[in-house]
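> In our numbering, the protein residues as written are 12 to 255.
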Amino acid sequence: MTEAQALVRLQEIDLDMLRLASTLAAMPQQKKLQAIARARRKVESEQTKIYAQRKDLETYVSENQADLDHYRARTEEVKAEVASGSHNYRQIQDYEAHLTGLAKKVEKLEHNRAQLDDDLEKAKRAESNANLTLKRLDEEEAVQKKSFETDSAQIRRKIVTLDGERKSVASQILPEHMANYEAARKRFKGLAVERLVGNVPSVCRVKLQPASFHDLTHGGDVAECPYCHRILIVDDPYAEGDDK
Ligand SMILES: [Zn+2]
């Protein structure tokens, strides 16, 4: 392989690798994996909120329980005092008023408690649903990853093969030409090399002036296009192993 042929092949390899990389990126599993990642972020942020709600509710429930315990115990104490001896009418009335006050407090706490228990139950259900959703997303992600591995295996093998060939082809190109190629590749979005076909470069297709044509065909195989400044390959089209 001449250096000129190596440059042409290098460009073919690079264009193939670009195409294969965008094929990989466009595979349907990639889109699904992105959607799964978005869904997971959303559920995780909901989960954080639900967790904080549940913690608050648990605190309220235990405060409610402590108050209930206190007022129920107090009620028993007052009842015991009433039963403990003889009291006059005035004292009985005071006890009754006290007991009524305590009963109202207990009733209010019980009413709040029913609502708290209800809310806590809802928060726990939401938390468990979020966990289930995350588990389902993990499973779906594993399925998509596996499917991507399988469907992309052939493409990934091709990329590895091309990468190996690229190293061997690049070793046949002078460092100076390699540097020109890398710079032109960026500048021309991959199409850094063109070939002279008759007196027309294959990419920019601007017909060469006779003087330029004469100079180019009497110089080296690797030149620069006077118009677009791509690397211009001026090799013999009938060269060995070259049928393009
Ligand atoms: Zn050109």
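Backbone N, C-alpha and C fix where the C-beta goes; we use that ideal spot for every residue, glycine too.
Taking 8 Å as the limit between beta carbons, can you name the residues of its chain near L68, skipping five residues before and five after?
The residue you call residue 68 lines up with position 57 of the sequence shown. The answer, listed in chain order, is L127, D130, L131 and A134.
> Is any heavy atom in ligand 1 found nearer than 8 Å to the beta carbon of V204?
On the sequence shown, position 193 is the one that residue 204 refers to. Flag unset: Cβ of V204 not near ligand 1.
> From V19, R136, E193 and I170, pick the residue whose C-alpha is nearest to that of M28; which is it?
Position 17 of the sequence shown, counted from the first residue, corresponds to residue 28. Considering only alpha carbons, the answer is I170.
> To which residues does DSSP link P237 through a beta bridge?
Along the sequence shown, read from residue 1 onward, the residue named residue 237 stands at position 226. The partner list for P237 (beta bridge, DSSP) is empty, contrary to what the question assumes.
> I'd like the span of the alpha helix (DSSP H) that includes L207, first residue to last.
Position 196 of the sequence shown, counting from 1, holds the residue named residue 207. Looking at the DSSP string, L207 is not in any alpha helix (DSSP H); the run it does join, the beta strand (DSSP E), is V204 to V208.
> Would a C-beta distance cut-off of 9 Å place V93 and Y106 closer than the cut-off?
Here residue 93 refers to the residue found at position 82 when the sequence shown is read from its first residue. Here residue 106 refers to the residue found at position 95 when the sequence shown is read from its first residue. Yes, Cβ-Cβ distance for V93 and Y106 is below 9 Å.
> DSSP puts P221 in a beta bridge; with which residues?
What you label residue 221 is simply residue 210 of the sequence shown in a count that begins at 1. DSSP output for P221 lists no bridge partner at all.
> What number of angstroms, rounded off, separates the C-alpha of F199 from the C-alpha of P212?
For the purposes of this step, residue 199 is taken as residue 188 along the sequence shown, with counting starting at 1. For the purposes of this step, residue 212 is taken as residue 201 along the sequence shown, with counting starting at 1. Spanning the two alpha carbons is a distance of roughly 15 Å.
> Is P186 near ligand 1, going by C-beta to nearest heavy atom under 8 Å?
Along the sequence shown, read from residue 1 onward, the residue named residue 186 stands at position 175. Checking every heavy atom of ligand 1 against the Cβ of P186, none is found closer than 8 Å.
> Taking DSSP as the reference, what is the three-state secondary structure of V214?
For the purposes of this step, residue 214 is taken as the residue at position 203 of the sequence shown. Under the three-state reduction of DSSP, V214 is assigned to coil, being neither helix nor strand.
> Taking C-alpha atoms, which residue in L219, L120 and E235 lies nearest to A203?
As a working mapping, residue 203 is identified with position 192 in the sequence shown. Cα-wise, what sits closest to A203 is E235.
> Does the separation of the CB atoms of G230 and V217 fall below 9 Å?
Taking the sequence shown and counting its residues from 1, the one referred to as residue 230 is at position 219. Taking the sequence shown and counting its residues from 1, the one referred to as residue 217 is at position 206. No, Cβ-Cβ distance for G230 and V217 is not below 9 Å.
> Are there any heavy atoms of ligand 1 lying less than 8 Å away from the beta-carbon of E241, as far as the coordinates show?
Within the sequence shown, residue 241 is the residue found at index 230, counting from 1. Looking at the sequence shown, residue 241 is not Glu but Arg. Yes, since a heavy atom of ligand 1 falls inside the 8 Å radius drawn around the Cβ of R241.
> Give me the residue from L120, A46 and R83 with the minimum Cα distance to Y71.
Within the sequence shown, residue 71 is the residue found at index 60, counting from 1. Minimum Cα distance to Y71 is reached at L120.
> So, with DSSP's three-state summary, where would you put I244?
By one-based count along the sequence shown, residue 244 stands at place 233. Strand, per DSSP.
> Alpha carbon to alpha carbon, how far is R49 from S179? Give it in angstroms, no decimals.
In the sequence shown, the residue the question calls residue 179 occupies position 168. In the sequence shown, the residue the question calls residue 49 occupies position 38. If I take the Cα positions, the gap works out to 42 Å.
> Does the beta-carbon distance from E14 to H188 come in below 9 Å?
As a position in the sequence shown, residue 14 is number 3, starting the count at 1. As a position in the sequence shown, residue 188 is number 177, starting the count at 1. For E14 and H188, yes; Cβs fall inside 9 Å.
> Touching or not, the stretch 36-45 and the stretch 149-161, by the rule of three or more beta carbon pairs under 8 Å?
yes
> Figure out for me which residue from A63, R51 and Q16 has the closest Cα to the Cα of L148.
As a first step, residue 148 must be located in the sequence shown, where it is residue number 137. Taking only the C-alpha atoms, the option nearest L148 is R51.
> Which residue's Cα is closest to the Cα of A194: K115, I242 and Y62?
Within the sequence shown, the letter at position 183 stands for residue 194. A194 has its Cα closest to that of I242, out of K115, I242 and Y62.
> Using a beta-carbon distance below 9 Å, is M12 in contact with chain B?
As a matter of chain content, chain B is missing from the structure shown, which is built from one protein chain.
> Suppose you measure from the CA of S73 to the CA of S97; what does that come to, to the nearest Å?
Numbered from its first residue, the sequence shown carries residue 73 at position 62. Numbered from its first residue, the sequence shown carries residue 97 at position 86. Cα-Cα distance, rounded: 38 Å.
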